[in-house]
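*Asks:* Residue numbers (this note's numbering): 213 to 574.
1. What separation, rounded to the nearest whole angstrom, lies between the Cα atoms of residue 325 and residue 423?
2. May I have the straight-line CA-CA distance separating residue 569 from residue 301, to the nearest angstrom?
3. From 375, 432, 445, 399, pick the residue whose C-alpha is nearest to that of residue 418; which is it?
4. Would you kindly report the start and end of the unbroken alpha helix (DSSP H) that includes residue 278?
5. Could you pull out every residue in the same chain whose Cβ sits closer than 7 Å to the Cβ of residue 379, ignoring the five residues on either side in sequence?
6. What runs of the alpha helix (DSSP H), each 4 residues or longer, lie entirely inside the segment 435–466?
7. Which value, in whole angstroms, describes the spacing of the CA atoms of residue 593 and residue 235?
8. Go ahead and label residue 328 buried or exposed: buried means 16 or more other beta carbons lie within 10 angstroms of its beta carbon, across all protein chains shown.
9. Give the DSSP-derived three-state secondary structure of residue 477 in the structure shown.
10. Quick one: residues in its chain with C-beta nearer than 7 Å to the C-beta of residue 492, no 5 flanking neighbours on either side, listed in chain order?
11. Going by C-alpha distance, which of 524, 470, 478 is nearest residue 509?
12. Below 8 Å on the Cβ atoms is my guess for residue 437 versus residue 453; work out the distance and round it to an integer in Å.
13. Following the continuous alpha helix (DSSP H) through residue 498, name the residue where it begins and the one where it ends.
14. Give me whichever residues DSSP pairs with residue 399 in a beta bridge.
15. Are at least three pairs of beta-carbons, each pair with one atom in the segment 222–235 and one in the segment 304–313, less than 8 Å apart?
16. Within this structure, are the beta carbons of residue 434 and residue 367 separated by less than 9 Å?
17. Given that a residue counts as buried once 16 or more other Cβ atoms are within 10 Å of its Cβ, and exposed if not, what is residue 451?
18. To the nearest angstrom, report how far apart residue 279 and residue 352 are at their CA atoms.
19. So does the segment 529–544 actually touch the segment 559–566, counting three or more Cβ pairs closer than 8 Å?
Listed below in structure tokens is the structure:
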């Protein structure tokens with residue numbers, strides 16, 4: 213897998229329309245707190261375009277919403293509130309993932325956040341000297357609060373403490389190289405996406421990415437690590453962690469890499485790994501009505517090409533009784549009912565419980 217860089221005009225346009233819709237704060241605030249059917253109906257009513265294109269934009273909204281959820285969860289502890297008020301400032305990449313650097317830059321410079329939130333955020337994304345004007349914007353009481361370190365340190369505030377102590381000792385002024393700021397930097401799911409990663413020596417960067425990949429259970433963090441690794445390192449990680457890599461490739465925007473990777477590791481997949489991947493495709497995608505990719509076609513191809521010993525293993529598993537219902541070509545998503553649910557009596561709770569169980573295997 214290498215990060216995809218070429219997109220068709222249609223793909224770019226669809227992502228642009230979908231993210232613009234999502235970036236409308238008032239619509240988004242409503243979308244965030246309503247059920248799936250109401251959400252889809254709202255989107256369809258507002259789109260004055262052909263039905264086929266409406267379907268494609270509706271399909272994009274789920275991965276976009278998941279991307280936003282991940283961004284908010286990663287930044288928890290930086291914003292005083294949930295961060296919902298910042299969502300209209302999100303910048304997007306062509307693949308419908310959040311451009312975290314541009315988003316942070318705009319939020320730090322905007323009036324959307326309180327000055328102390330801007331300061332904490334800048335300590336995750338900006339180099340030392342750029343943070344000074346942000347610090348000076350705060351009132352004297354707030355500055356003193358930070359200077360005297362009168363706060364409970366969370367993972368994000370560790371970089372605040374580092375910046376303050378460096379300012380007191382004059383360390384940033386002694387070093388003109390940008391990578392100096394990274395030497396004792398605290399790497400979190402937020403700061404990993406900053407410009408600092410590019411300042412690291414190649415070997416240090418590869419080591420950090422691999423270590424983060426091994427330790428995280430978050431699909432989007434694993435995806436980011438893979439996208440920044442060299443091709444050689446990605447192949448090594450695939451061979452060592454086939455289940456984890458293939459699981460990541462079942463989520464937007466990496467699905468196109470799934471079968472190519474699966475073919476390389478058939479002999480490395482255990483029966484348990486194979487079952488887990490089937491659960492993700494069936495419970496978390498097909499039965500949960502995700503339409504951002506043709507998961508039915510992918511499942512059929514995956515099953516058709518899989519080795520006999522993995523198929524035989526699956527016949528003893530609970531997922532097999534659902535598999536034989538969805539594999540036939542005559543199956544339609546409209547056929548999904550309670551008999552397709554293995555974990556809970558609702559398709560969304562069913563997917564959620566399934567995800568908790570599969571994440572434990574990483």
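Every residue gets a Cβ at the ideal spot worked out from N, C-alpha and C, and that includes glycine.
*Replies:* The answer reads as follows:
1. The residue you call residue 325 lines up with position 113 of the chain shown. The residue you call residue 423 lines up with position 211 of the chain shown. Their backbone Cα atoms lie some 33 Å apart in a straight line.
2. Taking the chain shown and counting its residues from 1, the one referred to as residue 569 is at position 357. Taking the chain shown and counting its residues from 1, the one referred to as residue 301 is at position 89. Using only the alpha carbons, I get a separation of about 34 Å.
3. For the purposes of this step, residue 418 is identified with residue 206 of the chain shown, where counting begins at 1. With distances taken between Cα atoms, residue 418 lies closest to 445.
4. The count along the chain shown starts at 1 and reaches residue 278 at position 66. Run containing residue 278: 263–286, per the alpha helix (DSSP H) assignment.
5. For the purposes of this step, residue 379 is taken as the residue at position 167 of the chain shown. Correct list: empty, nothing qualifies.
6. 443–452, 454–460
7. Any answer about residue 593 is impossible in this case: the structure gives the chain only from 213 up to 574.
8. Translated into positions along the chain shown, residue 328 becomes position 116. By the neighbour-count rule (16 or more Cβ atoms within 10 Å), residue 328 is buried.
9. Start at 1 with the first residue of the chain shown, and residue 477 comes out as number 265. Coil.
10. Locating residue 492 in the chain shown gives position 280, where the first residue counts as 1. Result list for residue 492: 459, 462, 570, in chain order.
11. Residue 509 sits at position 297 when you count from the first residue of the chain shown. The residue with the shortest Cα to Cα distance from residue 509 is 470.
12. Position 225 of the chain shown, counting from 1, holds the residue named residue 437. Position 241 of the chain shown, counting from 1, holds the residue named residue 453. That pair is no contact at about 11 Å.
13. In the chain shown, counting from the first residue as 1, residue 498 sits at position 286. No alpha helix (DSSP H) contains residue 498, which DSSP labels as neither H nor E.
14. Position 187 of the chain shown holds residue 399. Its beta-bridge partners do not exist; DSSP assigns none.
15. yes
16. As a working mapping, residue 434 is identified with position 222 in the chain shown. As a working mapping, residue 367 is identified with position 155 in the chain shown. The answer is no: Cβ separation not under 9 Å.
17. As a working note, residue 451 is residue 239 in the chain shown. Counting Cβ neighbours within 10 Å, residue 451 comes out exposed, since fewer than 16 surround it.
18. Here residue 279 is taken as the residue at index 67 of the chain shown, counted from 1. Here residue 352 is taken as the residue at index 140 of the chain shown, counted from 1. Each residue's Cα considered, the two are about 37 Å apart.
19. no
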